[in-house]
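S.K.:
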Amino acid sequence: MMFRPVVFFFAVVAFASSLVCAAPVAEIATRQIGDIQCNINRLSFVGDIAGLQITLKTLSAQTADDRDPTASAGIQSVTNNISAVQSALGTIAEAILTGQAVPAEARVQVESNLAAAQSTLAEITSADPAVTANLQNAKTQMQNVDLVGSGILVNCK
1 MMFRPVVFFF
11 AVVAFASSLV
21 CAAPVAEIAT
31 RQIGDIQCNI
41 NRLSFVGDIA
51 GLQITLKTLS
61 AQTADDRDPT
71 ASAGIQSVTN
81 NISAVQSALG
91 TIAEAILTGQ
101 AVPAEARVQV
111 ESNLAAAQST
121 LAEITSADPA
131 VTANLQNAKT
141 QMQNVDLVGS
151 GILVNCK
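full-length UniProt numbering numbers the first residue of the sequence shown as 1 and each following residue consecutively.
Printed below as a string of structure tokens:
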């Protein structure tokens with residue numbers, strides 16, 4: 001009678017050890033998707049980019065007529081940069097979710113397009129008060145994106 005519980009105990013121990021040893025340590029590390037603060041920063045970054053995109057659509061509509069072609073061209077340039085950032089974020093998210101290493105090119109694409117968007121946005125001016133208010137909103141959103149991006153660099157190692 002005592003033999004069955006002992007065999008059962010060793011069978012459970014053997015099964016549990018096979019689960020622990022089934023995945024190599026290096027593979028577990030590659031699949032790491034970050035701690036809670038890292039993921040909060042990532043979600044905030046994506047949300048802030050989406051909010052900025054909405055503001056840029058509004059600005060694009062406000063400057064679409066030929067009253068301010070310079071501002072319209074600047075807004076279009078910023079919109080293109082933010083679209084490129086969103087594309088790179090898709091590549092990064094796919095790599096994270098599939099346990100792959102994030103391509104360095106995608107990180108560079110995010111960084112360079114954000115810098116270009118920020119630089120262009122800083123140079124856009126308008127005499128229209130509604131456009132000026134939305135430009136200020138877009139600049140604030142861009143600063144938030146930059147701040148959250150810094151949080152990603154600090155918290156997602």
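Every residue gets a Cβ at the ideal spot worked out from N, C-alpha and C, and that includes glycine. Just so we're clear, the structure is a prediction, and the values are computed from it rather than from any experiment.
Can you give me the C-alpha to C-alpha distance between ARG31 and ASN155, rounded to a whole angstrom?
M.R.: The count along the sequence shown starts at 1 and reaches residue 31 at position 31. The count along the sequence shown starts at 1 and reaches residue 155 at position 155. In this predicted model, ARG31 has a pLDDT of only 42, less than 50, meaning its place in the structure is not dependable; the value taken from the coordinates is given anyway. Those two C-alpha atoms are separated by around 16 angstroms.
S.K.: Around the Cβ of ILE152, are there at least 16 other Cβ atoms within 10 angstroms (buried) or fewer (exposed)?
M.R.: For the purposes of this step, residue 152 is taken as the residue at position 152 of the sequence shown. Buried, by the Cβ-count rule.
S.K.: Is it buried or exposed for VAL110, if we count other Cβ within 10 angstroms and need 16 for buried?
M.R.: Stepping through the sequence shown from its first residue, residue 110 is reached at position 110. The residue in question, VAL110, is buried, as its Cβ has 16 or more Cβ neighbours within 10 Å.
S.K.: Return the residue from the list GLN141, ASP146, ASN113, LEU89 that minimises the CA-CA distance to PRO103.
M.R.: What you label residue 103 is simply residue 103 of the sequence shown in a count that begins at 1. Of the candidates GLN141, ASP146, ASN113, LEU89, the one whose C-alpha sits nearest the C-alpha of PRO103 is LEU89.
S.K.: With burial defined as no fewer than 16 other Cβ atoms inside 10 Å of the residue's Cβ, what is the status of ARG67: buried or exposed?
M.R.: Sequence index remark: in the sequence shown, residue 67 carries index 67 (1-based). By the 10 Å Cβ count, ARG67 comes out exposed.
S.K.: Among ALA61, ALA122, ASN39, whose alpha-carbon lies nearest the alpha-carbon of GLN141?
M.R.: By one-based count along the sequence shown, residue 141 stands at place 141. Of ALA61, ALA122, ASN39, the residue nearest in Cα terms is ALA122.
S.K.: Can you name the start and end residues of the alpha helix (DSSP H) that ILE33 belongs to?
M.R.: Your numbering for residue 33 matches position 33 in the sequence shown. That residue, ILE33, is in no alpha helix (DSSP H); it is neither H nor E in DSSP.
S.K.: What is the DSSP secondary structure of GLN136, counted as helix, strand or coil?
M.R.: The residue you call residue 136 lines up with position 136 of the sequence shown. Three-state result, GLN136: helix.
S.K.: Skipping 5 residues on each side, what residues in its chain have a beta carbon closer than 8 angstroms to that of SER126?
M.R.: Along the sequence shown, read from residue 1 onward, the residue named residue 126 stands at position 126. Correct list, in chain order: THR63, ASP68, ALA71, THR132, LEU135.
S.K.: If you compare alpha carbons, which of GLY99, LEU114, ASP128 is closest to VAL148?
M.R.: Residue mapping note: residue 148 aligns to position 148 of the sequence shown, counting from 1. Answer by Cα proximity: LEU114.
S.K.: Considering only their Cβ atoms, is the gap separating THR79 from ASN137 smaller than 8 angstroms?
M.R.: In the sequence shown, residue 137 corresponds to position 137, counting from 1. In the sequence shown, residue 79 corresponds to position 79, counting from 1. No; because the gap between Cβ atoms is not below 8 angstroms, this pair is not in contact.
S.K.: Mapping the DSSP letters down to three states, classify VAL25 as helix, strand or coil.
M.R.: Taking the sequence shown and counting its residues from 1, one reaches residue 25 at position 25. Annotation note: pLDDT 48 at VAL25 (below 50); position unreliable, coordinate value reported separately. Correct three-state label for VAL25: helix.
S.K.: How about ALA50 and ASN81: do their beta carbons lie closer than 8 angstroms?
M.R.: Walking along the sequence shown from the start, residue 50 turns up at place 50. Walking along the sequence shown from the start, residue 81 turns up at place 81. No, they are not a contact pair.
S.K.: Is the beta carbon of LEU59 closer than 8 angstroms to that of ILE33?
M.R.: Counting from 1 along the sequence shown, the entry for residue 33 is found at position 33. Counting from 1 along the sequence shown, the entry for residue 59 is found at position 59. Contact flag unset, no.
S.K.: Output the distance between the C-alpha atoms of LYS139 and ASP128, rounded to the nearest integer angstrom.
M.R.: Locating residue 139 in the sequence shown gives position 139, where the first residue counts as 1. Locating residue 128 in the sequence shown gives position 128, where the first residue counts as 1. The alpha-carbon atoms of LYS139 and ASP128 are separated by roughly 16 angstroms.
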